[in-house]
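A short worksheet on the structure shown next.
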Amino acid sequence: MSEFLNHHRFKDEIWMTTNEAQQFFKVSRSTLYRWCQTKLVPYTLMGGTRYFPKHFIETLMGQYLNNKPFE
Numbered sequence: 001m002s003e004f005l006n007h008h009r010f011k012d013e014i015w016m017t018t019n020e021a022q023q024f025f026k027v028s029r030s031t032l033y034r035w036c037q038t039k040l041v042p043y044t045l046m047g048g049t050r051y052f053p054k055h056f057i058e059t060l061m062g063q064y065l066n067n068k069p070f071e
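Numbered per the UniProt record's numbering, the sequence shown spans residues 1 to 71.
What follows is the structure in structure tokens.
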């Protein structure tokens, strides 16, 4: 399904699955979902599965590593 998003829905965006985002941040699924609920992390739902825009995830991590507040 993430391949479909990558190639059809948003051609300029690469999408990460929930598992990929969890591994990237090294957090639990519940933490990632909490971030979604508080709108810290954007996502799209397709077929009941959450997909996360990779560029935003990388930007968010960069801000964290540089000790900048998340915006």
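Don't be surprised by glycine CBs; every beta carbon is placed ideally from N, CA and C.
Beta-ladder partner(s) of residue i, from DSSP
i	result
proline 53	Trp15
Which of helix, strand or coil DSSP assigns to residue i
i	result
leucine 45	strand
leucine 40	coil
serine 28	coil
Residue i versus the options, residue with shortest Cα-Cα distance
i	options	result
arginine 34	Met46, Thr18, Ile14, Glu13	Thr18
methionine 61	Arg29, Thr49, Val41, Ser30	Val41
threonine 49	Ile57, Phe56, Cys36	Cys36
Under 8 Å between C-beta atoms of residue i and residue j
i	j	result
glutamine 23	leucine 32	no
tyrosine 64	phenylalanine 52	no
Cβ-heavy atom distance, residue i to the ligand ATP, below 7 Å
i	result
methionine 61	The model depicted lacks the ligand ATP and carries no ligand whatsoever.
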